[in-house]
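Novice: Residues -20 to -1, 1 to 485, numbered by mature numbering (1 follows the signal peptide of the UniProt record, and there is no 0), are exactly what the sequence shown covers, in order. Idealized CB from N, CA, C, for every residue including glycine. The model shown is predicted, which means the values in this text are computed figures rather than measured ones.
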Amino acid sequence: MGRREPVGWVLLLALGLCCAQGGRRRNVLLILADDGGFESGAYNNSAITTPHLDALARRSIVFRNAFTSVSSCSPSRASLLTGLPQHQNGMYGLHQDVHHFNSFDRVQSLPLLLGRAGVRTGIIGKKHVGPEAVYPFDFAHTEENDSILQVGRNITRMKLLVRKFLQTQDDRPFFLYVAFHDPHRCGHSQPQYGAFCEKFGNGESGMGWIPDWTPQTYNPQDVQVPYFVPDTPAARADLAAQYTTIGRMDQGIGLVLQELRGAGVLNDTLVIFTSDNGVPFPSGRTNLYWPGAAEPLLVSSPEHPQRWGQVSEAYVSLLDLTPTVLDWFSIPYPHYAIFGSKTVQLTGRSLLPALEAESLWTTVFGSQSHHEVTMSYPMRSVQHQDFRLVHNLHFRLPFPIDQDFYVSPTFQDLLNRTVAGQPTGWYKDLHRYYYRERWELYDRSRDPHETQNLAADPRYAQVLELLQTQLAKWQWDTHDPWVCAPDGVLEEKLSPQCRPLHNEL
Ligand SMILES: *[C@@H]1O[C@H](CO)[C@@H](O)[C@H](O)[C@H]1NC(C)=O
Ligand SMILES: *[C@@H]1O[C@H](CO)[C@@H](O)[C@H](O)[C@H]1NC(C)=O
Ligand SMILES: *[C@@H]1O[C@H](CO)[C@@H](O)[C@H](O)[C@H]1NC(C)=O
Ligand SMILES: *[C@@H]1O[C@H](CO)[C@@H](O)[C@H](O)[C@H]1NC(C)=O
Ligand SMILES: *[C@@H]1O[C@H](CO)[C@@H](O)[C@H](O)[C@H]1NC(C)=O
């Protein structure tokens, strides 16, 4: 896709941006899971029952190779809503009070651009990005002014909020962002409801009741244990709890879609379903390995039934969603500067061409700096077809563990077994998990579990160099302050701009 040139807003409005050719009305519904993965029938998990996601997949193109650029909640949401990686939009880590990360004041986010262009915006559920002026929504029911359990997990409440949004008299097209808090862990914040809040609203004593939810419970013996999760009773029980909350989200998705159908707008709406980052298990969330970065992605366009139910192999990024939504509304991509005169350019691409025909996209990038404020562990990555290169900038530090994952039964069990010298049932050991090499190169076609680092293998020297070059180019293109690290310092007024540190790296 060629870059679009800026067009005056007046001209744009005169062109009637709300509608595609032929005067068709166009809206967007973006549904986000919180730490969701591939636990759905749509992604061939036969141990879980997800009829609503499966039905949506039958009316969607299903991406098999979709990736987040960052495996952390606020950074991922900020990247998704700006089209800029975390190192460029400024959301280096979690946004909540004590950590206080924010995007830069001059960032132009999707809700800001859509609002200016005459699209009505709404958010229901988890926001977790700021500042408010950068992420303004016309209609907002989030953790900022309500209980996250109510707006993010109580699917009856969420259904009623969607109804309220749709009933408002307003002629503008809409962008509605429904961000579930399911299936996020809960043991760190509300342990009374279970490891994944799977008991919240299930009607048992003290748990309250969610009228529209029929809880599905799973026997730990029946779950599918992914290769990166230890096969132990503790981890199986954890997965069974996770499945129950995915079931609640699945039923919630059914309710949300039913509200749109009932309001007569579903057939005018591009529906996108994805998740912010990998599942909260080892090698998942906070990692840029495949389990931390790969995401489910369903894109359902009422105007493109020819690809419904098909699986796409194209490599796509959540950085592509901002360009996709702008393209759907025929709004030009923004050109602006955050600092000085360096112009920001979206490096993602619109996914709309993939709705017409299979696209041969091959490469996606990743960038992570923090999760919690104490968890500085900058990593940059590139996935080029089956090859994944991860650059661990601070590889001499132990990999950090977040508070939420630390208290999880899976990780506690792993720690206990390791300390006691018992078999862990895991594909790695803690030493290897904590202490990583600077460059990690994996060939998923031969080694799908990413266990053999090929970075030092002379047979892969050319691949390594190609990927390093691609990654460096992307870091320069996106104004990455870490571009010279860890063996150099960025000096923008000198040439070359990376100056050597002679620090033995
Ligand atoms: C699910 O399995 C079928 C049959 O093997 C395959 O054709 C399809 O591509 C798979 N779907 C995904 C999303 O991987
Ligand atoms: C949250 O803000 C919205 C306005 O965006 C308002 O309608 C709603 O009542 C607020 N919710 C609470 C619980 O204050
Ligand atoms: C969920 O929301 C509905 C509607 O607001 C309410 O009646 C119900 O008590 C809530 N359930 C819980 C567990 O809070
Ligand atoms: C939905 O929209 C498509 C594409 O414009 C159209 O062909 C189809 O008839 C519509 N379906 C319904 C049920 O209105
Ligand atoms: C791990 O060991 C601690 C201390 O003995 C114990 O309290 C805890 O229940 C164990 N956790 C798991 C998941 O095995």
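(1) Is there at least one non-hydrogen atom of ligand 4 closer than 6 angstroms to the beta-carbon of N247?
(2) Ordered along the chain, which non-local residues of its own chain (more than five positions away) have a Cβ less than 6 angstroms from that of Y198?
(3) Below 8 angstroms, how does it come out for the stretch 284 to 301 and the stretch 443 to 456: are there three or more Cβ pairs, yes or no?
(4) What number of angstroms, rounded off, separates the C-alpha of A97 from the C-alpha of Y23?
(5) By how many angstroms is the C-alpha of D384 removed from the C-alpha of S52?
(6) In this structure, does DSSP put C177 in helix, strand or coil?
(7) Is P271 closer than 7 angstroms to F176 when the C-beta atoms are compared?
(8) Of the choices V99, V114, Q455 and I226, whose alpha-carbon is the least far from that of R360?
(9) Could you check the C-alpha separation between L60 and G234 for me, to the nearest Å?
(10) Which of the three DSSP states, helix, strand or coil, is assigned to residue 491?
(11) Spell out a yes or no on whether the stretch 225 to 232 and the stretch 257 to 274 are touching, meaning 3 or more CB-CB pairs, one atom from each, closer than 8 angstroms.
(12) Smallest Cα separation from S280: which of L36, R418, P312 and I381?
(13) Applying the 10 Å Cβ sphere with the 16-neighbour rule, what's the burial state of L377?
(14) If you draw a straight line from the alpha carbon of D307 to that of D409, how long is it in whole angstroms?
(15) Q147 to A46, Cα distance in whole Å?
(16) In terms of alpha-carbon separation, which member of Q392, D14 and Q88 lies closest to H108?
(17) Which of helix, strand or coil does DSSP assign to L141?
(18) So, for L277: in the same chain, excluding its five sequence neighbours on each side, which residues have a beta-carbon less than 6 angstroms away from its beta-carbon?
(19) In terms of alpha-carbon separation, which member of P358, D162, D85 and Q402 lies closest to V259?
(20) Say the cut is 6 angstroms; is the CB of G188 nearer than that to a heavy atom of ligand 3?
(21) Could you compute how far the alpha carbon of Q1 sits from the alpha carbon of F309?
(22) Measuring from the CB of R137, is there a heavy atom of ligand 3 at a distance below 6 angstroms?
(23) Suppose only complete runs of 4+ residues qualify. What are the alpha helix (DSSP H) ranges in the stretch 96 to 172, listed by chain order?
(24) Can you tell me where the alpha helix (DSSP H) with L277 in it begins and where it stops?
(25) Among all residues, which have a Cβ less than 7 angstroms from at least one non-hydrogen atom of ligand 1, and in what chain order do they fall?
(26) Consider the C-beta atom of G167 and the heavy atoms of ligand 3; say whether any pair is separated by less than 6 angstroms.
(27) Assuming the contact rule is C-beta atoms closer than 8 angstroms, P389 and A217 should be a hit. Round their C-beta distance to whole Å, please.
(28) Could you tell me whether any non-hydrogen atom of ligand 4 is closer than 6 angstroms to the CB of P282?
(29) Can you find a heavy atom of ligand 5 that lies under 6 angstroms from the Cβ of N396?
(30) Any heavy atom of ligand 5 closer than 6 angstroms to the beta-carbon of A221?
Specialist: To lay it out plainly:
(1) yes
(2) A220 and Y223
(3) no
(4) 36 angstroms
(5) 12 angstroms
(6) coil
(7) no
(8) Q455
(9) 23 angstroms
(10) Nothing can be reported for residue 491: it is not among the residues displayed for the chain, which extend from -20 to 485.
(11) no
(12) L36
(13) exposed
(14) 45 angstroms
(15) 34 angstroms
(16) D14
(17) helix
(18) F43, A46 and T254
(19) D162
(20) yes
(21) Summary for Q1: the model assigns pLDDT 48, below 50, so the residue's position carries little reliability, and this model does not support an answer.
(22) yes
(23) 128 to 132 and 135 to 147
(24) From DSSP, L277 is part of no alpha helix (DSSP H) but of the beta strand (DSSP E) over A274 to S280.
(25) A22, Y23, N24, V42, R44 and V291
(26) no
(27) 6 angstroms
(28) yes
(29) yes
(30) no
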